[in-house]
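Engineer: The sequence shown lines up with residues 1323 to 1565 when you count with the working numbering. C-beta atoms are modelled at their ideal positions from N, C-alpha and C, and glycine is treated no differently. All values derive from a computational prediction rather than experimental measurement.
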Amino acid sequence: MNGFLSLNIFSLYSFNEGGQSSFSVASFLSVFMISAKSTPTGHQFVQFSQPVHKNKTSKLFELREGDSIGIRGPFRNSFNYENAKNILVVGGGMGVTALTILIESLRLNKKKVFVAIGAKDEPSLIFADRLIDIIPNTMCTTEDGSVGKKCVVTDPIKDIIEKENVDLIITCGPEIMMKRVLEIADSKNIEIQASLERKMKCGVDLCGSCCVGEKNDISVCKDGLIFNSTQLKTFPQFGSCSK
Ligand code: FES
C-alpha cells in the first residue's frame, strides 16, 4: 500500500485566543516537527487527519500530548455553495476527509446534500460511518466490492445528478477521478468545484512547487485549493497529477 500504514486524527487548539476561528473547510496547514517549546492557547479545536507513511509522517505519530509541532497557515480560498440548492459531493480516498467537514457545514446551512464516496477497498474507505450518520443514503463504492457497490465512485453519479436535480458538484480525491467528475458534470451542464492537491513547500506563492495552468502561472497554494469548472479546463495537468 505504498507505505500507507493507518490513519490518525489529531485535534489541536487553534491560536486564536477566545476568538473566531480563522479556519474554513478548505483550509490547509503546513505542519512540521520542531524542537522548541511553544504554548498554544485558545478554545477552538483544529482537527486534521494524516495517514502514516514510513519515513515521511511517522515521526508525527511518536508525539505525545503536550509535545510541540510547527504549524503555518491557514492558507486557502473556499468552497462557494451559497446559490446552490441540490449539491452532490463526490469523494475518493483521502479526499473524503475534507469533504466530511464540508458536508457537516452544508447540513448546518440547510442545503440538500447527496454524497458518493469511493476507495479501492474497505480499509481505505474512510469516514463512511460518520457520513452515513449525517446523510443516511450516502453512496459507498469500492473497487474490490468489499463494501458498498463494486465500481468506481464516478459510475453511479450520472443517475444521482439526473434523479436529484443536482445544480453543483463538489469533489476532492485523486485527480483522475475529479477529471471524470468534470467530464460528467460538463455533459450535464453543471458547475463543479474541485479541491486540488500539490506538493506544498512555501505555501505562500514563492517556490513554484504547486504551480498549474498553461504557463504554470497559477499557484494552488495562493489561488486554490478550490477551482471551478472554467479554471480546471485550462489546466493541462489536471487529471494526470498523482500527488
Ligand atoms: S507551495 Fe510554494 S508556490 Fe505554492
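Whole-angstrom Cβ separation of Gln1515 and Asn1402, contact assumed at under 8 Å?
Structural biologist: Going by Cβ atoms, the distance from Gln1515 to Asn1402 rounds to 7 Å, so yes, they are a contact pair.
Engineer: DSSP on Leu1421, reduced to helix/strand/coil?
Structural biologist: Residue state, collapsed to three classes: helix.
Engineer: Answer yes or no: the CB of Lys1537 versus the heavy atoms of ligand 1, is any distance below 6 Å?
Structural biologist: For ligand 1, not one heavy atom lies less than 6 Å from the Cβ of Lys1537.
Engineer: Are the beta-carbon atoms belonging to Gly1413 and Ile1439 less than 7 Å from one another?
Structural biologist: Yes, these two residues count as a Cβ contact at 7 Å.
Engineer: Would you kindly work out how many angstroms separate the C-alpha atoms of Gly1325 and Asn1459, rounded to a whole number?
Structural biologist: Model confidence at Gly1325 stands at a pLDDT of 38, short of 50, so the residue's coordinates are unreliable; what they give is reported in the following sentence. Whole-angstrom Cα-Cα distance: 32 Å.
Engineer: Measure the alpha-carbon distance for Glu1275 versus Asp1389 and round it to whole angstroms.
Structural biologist: Lying outside 1323 to 1565, the shown extent of the chain, residue 1275 is not represented and no answer is given.
Engineer: Distance check for Ala1450 and Ile1456, CA to CA, integer angstroms please.
Structural biologist: Cα-Cα distance, rounded: 10 Å.
Engineer: Over the uninterrupted beta strand (DSSP E) stretch that includes Met1522, give me the two end residues.
Structural biologist: Met1522 -> no beta strand (DSSP E), and no H or E assigned at all.
Engineer: What runs of the beta strand (DSSP E), each 3 residues or longer, lie entirely inside the stretch 1490-1553?
Structural biologist: Listed in chain order, they are 1490-1494, 1513-1517, 1548-1550.
Engineer: The beta strand (DSSP E) with Leu1410 in it runs from where to where?
Structural biologist: Note, Leu1410: beta strand (DSSP E), 1408-1414.
Engineer: Just checking Cys1563 against ligand 1 - is the residue's beta carbon closer than 6 Å to any of the ligand's heavy atoms?
Structural biologist: No.
Engineer: Given that a residue counts as buried once 16 or more other Cβ atoms are within 10 Å of its Cβ, and exposed if not, what is Gly1502?
Structural biologist: A small correction: the amino acid at residue 1502 is Arg; Gly does not occupy that position in the sequence shown. Arg1502 is buried by the Cβ-count criterion.
Engineer: Measure how close the beta-carbons of Ile1540 and Ser1400 come, nearest whole angstrom, since I'm counting them as under 8 Å.
Structural biologist: With a Cβ gap of about 17 Å, Ile1540 and Ser1400 do not count as contacting.
Engineer: Quick check: the Cα distance between Ser1446 and Val1469, rounded to an integer number of angstroms?
Structural biologist: When rounded, the distance between both Cα atoms is 10 Å.
Engineer: Closest to Leu1518 by C-alpha separation, out of Asp1527, Gly1546, Pro1558, Leu1428, would be which residue?
Structural biologist: If we check each option's Cα against that of Leu1518, Gly1546 comes out closest.
Engineer: Where do the N-terminal and C-terminal ends of the beta strand (DSSP E) with Ile1439 fall, by residue?
Structural biologist: First-last of the beta strand (DSSP E) with Ile1439: 1434-1441.
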